[in-house]
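Numbering (my numbering), first residue to last: 129 to 485.
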Ligand code: UD1
Ligand code: UDP
């Protein structure tokens, strides 16, 4: 029996192809939701849009410090795994849910499959880096998206027979949902946006938005971007960021279209039709690469270096000058790169690898 553990927006999106396939093949599986994300637009909307059944278990852990959140997920997953006795626990990515789900399974001697293993920013100040390194080292199956990710874990002494290059399930998810999104989403009309005539922004990394001065600089940079190009700047604001803007008594500048986080179908349409996307998200760097839309990443390091290598993405600091320079550079490049994240059959390869032992 396979236990699929998830807890945040990107995990729901990236686990959805695996859950869909497990269901189609009538496999013995269940889903545990940690409840790390719980607001409707960070959680339930994705189950609805992606037509996923509600999880069999929801731990409802909610928000808290890293220690509190991780501890609650450890306790909750232990209870569920002891009761259900899964043979394999699948986790995806690098959140606190992933680390806690994997650690519980490791202590109970249950095999762990880490989907999107092997990513490294080599920046240990990022909580995600700690989560992904530790999870890789307790996993039996490391489902790495690319040869580069495989190399990262080989260098850490993980044996090659544990590592499976599968591509990233985000390709499966984009391929499955893009046409559905085109048919269903009216978001461009809702905000009077023309194809190729707006910028899209997301920002939620702890290193960016928890620091008042970086957050202030980011907002100033968005204003400068709007003034320089006279184009709308659409900013679906992550709840962490919205909370920090309010706590720091900052304001979203004039000309920025600040909206609630959107569903995945709406976000795919916003990404696919943007002139360029600015982000500090991991998943958005991948999706823009897959959709052939230029990306500027508001970070010093990326654990997705493949996007830089193929030319779909660049890294930048957060001042208006740095951001305008990066945007200018990316707009001057073509978009004819090759997607390095696989062929859209990652879920199938992952489940087949588990069955092949
Ligand atoms: C988490 C992950 C991050 C991932 C992101 C995806 C960790 C350490 N961080 O960051 O790697 O990129 O999810 O979006 O696991 N909040 C709500 N509603 C929600 C969820 C959160 O209002 O449904 C607010 C709360 O004020 C909370 C804050 O957002 O304190 C941060 O949430 P948290 O889950 O701790 O971290 P994220 O920034 O979402
Ligand atoms: N996303 C979404 N609505 C939004 C912003 C992002 O559906 O308003 C999706 C996006 O398509 C991607 C995922 O959320 O698949 C990325 O999540 P996030 O940036 O929160 O986390 P990260 O990838 O950085 O861990």
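A virtual CB, placed ideally from N, CA and C, is assigned to each residue, including glycine.
The C-beta of residue 332 has 16 or more other C-beta atoms within 10 Å across all chains shown, which makes the residue buried.
Going by beta carbons, residue 267 and residue 257 fall outside the 7 Å limit. Rounded to the nearest whole angstrom, the C-alpha separation of residue 156 and residue 184 is 13 Å. Judged by their CB atoms, residue 180 and residue 204 are not nearer to each other than the 7 Å cut-off. Contact between residue 482 and residue 240 fails: their C-beta atoms lie close to 11 Å from each other, not under 8 Å. By the rule of a C-beta closer than 5 Å to any heavy atom of ligand 2, the residues picked out are 137, 138, 141, 364, 389, 390, 392, 395, 409, 410 and 411.
A heavy atom of ligand 1 is found nearer than 6 Å to the CB of residue 371. For residue 298, the three-state secondary structure derived from DSSP is helix. A Cβ-Cβ contact shorter than 7 Å links residue 411 with residue 138. In this structure, residue 359 sits near residue 326, with a CB-CB distance shorter than 7 Å.
Spatial neighbours of residue 372 in its own chain (CB-CB distance under 7 Å, excluding positions within 5 residues in sequence) are listed in chain order as 337, 338 and 343.
At a cut-off of 6 Å, the beta-carbon of residue 255 counts as near ligand 1: some heavy atom of the ligand is closer than that.
Within the same chain, and ignoring the five residues on either side of residue 356 in sequence, the residues whose Cβ sits closer than 7 Å to its Cβ are 452.
When Cβ pairs closer than 8 Å are counted between the two stretches, the segment 164-172 is seen not to touch the segment 314-326, the count staying below three. Segment contact: the segment 377-394 against the segment 276-293, fewer than three CB-CB distances shorter than 8 Å; contact not assigned. The continuous stretches of alpha helix (DSSP H) do not include residue 242, which lies in the beta strand (DSSP E) extending over residues 239-243.
Secondary structure at residue 389: coil, using DSSP grouped into helix, strand and coil. Beta-carbon to beta-carbon, residue 244 and residue 229 are separated by about 14 Å, too far to satisfy the 8 Å threshold. In the DSSP assignment, residue 357 falls within the unbroken alpha helix (DSSP H) covering 340-357.
Residue 368 has its Cβ nearer than 6 Å to a heavy atom of ligand 1. Listed in chain order, the beta strand (DSSP E) runs fully inside the segment 168-236 are 216-220, counting runs of at least 3 residues. Here residue 133 is near residue 219, since their CB atoms are less than 7 Å apart. In this model, residue 403 and residue 306 are separated by some 18 Å (Cα to Cα).
Contact annotation, residue 418 with residue 299: C-beta distance approximately 6 Å; criterion of less than 8 Å satisfied. In the three-state scheme derived from DSSP, where H, G and I count as helix and E and B as strand, residue 365 is classed as coil. The DSSP-derived three-state label of residue 332 is coil.
Beta-bridge analysis with DSSP links residue 424 to 406 and 442.
When secondary structure is reduced to three states using DSSP, residue 398 falls in the helix class. Remark: the shortest separation between the CB of residue 265 and any heavy atom of ligand 1 does not fall under 6 Å. For residue 135 against residue 263, the beta-carbon gap comes to about 13 Å, at or over 8 Å, which does not count as contact.
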